[in-house]
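Under full-length UniProt numbering, the first residue of the sequence shown carries the number 1, and numbering increases by one thereafter. For each residue, glycine too, the CB sits at the ideal point set by N, CA and C.
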Amino acid sequence: MKMYPKSDSDITSLDLSSPKLPTYYVQSPSRDSDKSSSVALTTHQTTPTESPSHPSFASRVSNNGGGGFRWKGRRKYHGGRWWPADKEDDADDGRYEDLYEDNRGVSIVTCRLILGVVATILFLLCSVLFGVSQSFPPIVYIKGVNVQSFYYGEGSDSTGVPTKIMNLKCSVDITTHNPSTLFGIHVSSTAINLIYSRQFTLAIAQLKSYYQPKLSNHTSKINLVGSKVPLYGAGAELVASDHNGGVPVKLEFEIRSRANIVGNLVKSRHRKHLSCFFFISSYNTTFVKFTHKSCNS
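Structural data, given as structure tokens:
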């Protein structure tokens with residue numbers, strides 16, 4: 001078979017008919033860029049299956065040996081050398097974590113332990129103080145009643161109904177003693193009633209609240225006044241009792257005390273109910289002295 005040499009036209013047509021494959025250059029900087037400035041250039045002739053649009057292109061390039069680099073992330077220059085993005089992030093995380101651990105101070109467990117100890121101490125202290133305060137309720141003294149006037153007569157009530165009318169004026173001294181060596185107390189009382197025959201309240205008074213320091217005494221003078229008190233059906237009985245030595249009456253009230261141990265958080269409260277029985281007479285308006293049997297609490 002006889003061979004004919006190719007002409008220039010044949011060569012030109014052959015080049016135009018075959019597709020020209022692109023050439024990719026991968027630049028890989030040296031790890032020791034401060035010692036050498038040379039750049040390694042690698043020429044890689046790709047096939048259509050190795051084009052950038054092909055899925056296996058990135059993995060093949062990343063698996064190249066030598067000084068090739070990964071497609072994942074962007075390389076950064078840090079600390080005199082180039083770091084891949086993932087390694088640099090790890091390095092930065094470690095650096096900031098060490099910085100955080102050096103400056104974060106007391107741990108949460110230590111804080112909880114300290115708070116628990118402090119709360120336990122405060123609880124025990126408040127319990128002890130509360131128990132001590134319960135051992136010192138205030139002591140109440142009533143020496144007697146000073147009857148200034150007591151009389152009755154015929155009259156009518158506010159609606160005009162005829163009945164016996166009574167008028168009474170007396171005073172009583174109430175002394176309280178605070179035996180506590182640690183706390184002052186706030187003293188108050190309910191209404192102080194002078195009662196006759198369990199039905200009629202002859203006079204009403206109110207003790208003014210006050211503060212009493214520790215280891216101290218306080219005396220309050222209470223005025224009991226009853227003006228034009230209608231007796232209705234009890235009028236005849238009251239007159240008979242007055243003629244036979246005296247009218248039985250009862251002084252009844254309740255003393256209240258409060259000690260603030262730890263502000264308004266821990267308080268100690270005491271109540272003492274008093275009922276004092278005595279006799280008054282229109283024939284003898286003097287001071288009625290109480291005995292130790294006169295008042296019950």
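Opposite residue i in the DSSP bridges: which residues?
{"i": "Leu231", "result": "Leu231 pairs with nothing; no bridge assigned."}
{"i": "Arg256", "result": "Ser188, Arg271"}
{"i": "Asp173", "result": "Lys221"}
{"i": "Cys126", "result": "Bridge partners of Cys126: none, in fact."}
{"i": "Asp142", "result": "In the sequence on display, residue 142 carries Ile and not Asp. Bridge partners of Ile142: Ile174."}
{"i": "Tyr152", "result": "Met166"}
{"i": "Phe279", "result": "Pro248"}
{"i": "Lys289", "result": "Gly144"}
{"i": "Cys295", "result": "Cys276"}
{"i": "Val262", "result": "Val266"}
If distances are taken between C-alpha atoms only, which option among the options comes closest to residue i?
{"i": "Ser171", "options": "Gly263, Leu238, Leu251", "result": "Leu251"}
{"i": "Val229", "options": "Ala259, Val161, Ser241, Phe278", "result": "Val161"}
{"i": "His218", "options": "Asn284, Lys293, Val225, Leu207", "result": "Leu207"}
{"i": "Ile222", "options": "Ile108, Phe253, His292", "result": "Phe253"}
{"i": "Thr285", "options": "Leu274, Val140, Asp242, Lys164", "result": "Asp242"}
{"i": "Arg271", "options": "Gly245, Leu202, Pro138, Ser294", "result": "Pro138"}
{"i": "Asn193", "options": "Phe277, Lys289, Ile108, Lys293", "result": "Phe277"}
{"i": "His273", "options": "Leu265, Ile255, Ser227", "result": "Ile255"}
{"i": "Gly153", "options": "Phe287, Ser275, Ser227, Phe136", "result": "Ser227"}
{"i": "Cys126", "options": "Thr176, Pro213, Leu265, Cys295", "result": "Leu265"}
{"i": "Ser268", "options": "Phe136, Cys111, Thr291", "result": "Phe136"}
{"i": "Phe287", "options": "Asp173, Ile165, Val128, Val109", "result": "Asp173"}
{"i": "Thr190", "options": "Ser275, Cys295, Val128", "result": "Ser275"}
Just to confirm, are residue i and residue j a CB contact at a threshold of 8 Å?
{"i": "Asp237", "j": "Ser297", "result": "Note on residue identity: the sequence assigns Glu, not Asp, to residue 237. No; because the gap between Cβ atoms is not below 8 Å, this pair is not in contact."}
{"i": "Ser209", "j": "Asn178", "result": "no"}
{"i": "Ser282", "j": "Tyr151", "result": "yes"}
{"i": "Gln199", "j": "Ala234", "result": "yes"}
{"i": "Tyr232", "j": "Thr163", "result": "yes"}
{"i": "Ile280", "j": "Val249", "result": "yes"}
{"i": "Val247", "j": "Lys169", "result": "no"}
{"i": "Asn167", "j": "Ser156", "result": "no"}
{"i": "Thr181", "j": "Lys214", "result": "yes"}
- Three or more C-beta pairs closer than 8 Å, one from the region 112-128 and one from the region 139-149: is that the case here? no
- Hey, is the region 185-197 in contact with the region 244-261, meaning 3+ C-beta pairs nearer than 8 Å? yes
- Which parts of the region 193-245 are runs of the beta strand (DSSP E), unbroken and 3 residues or longer, counting only runs that do not cross its ends? 200-206, 210-212, 216-230
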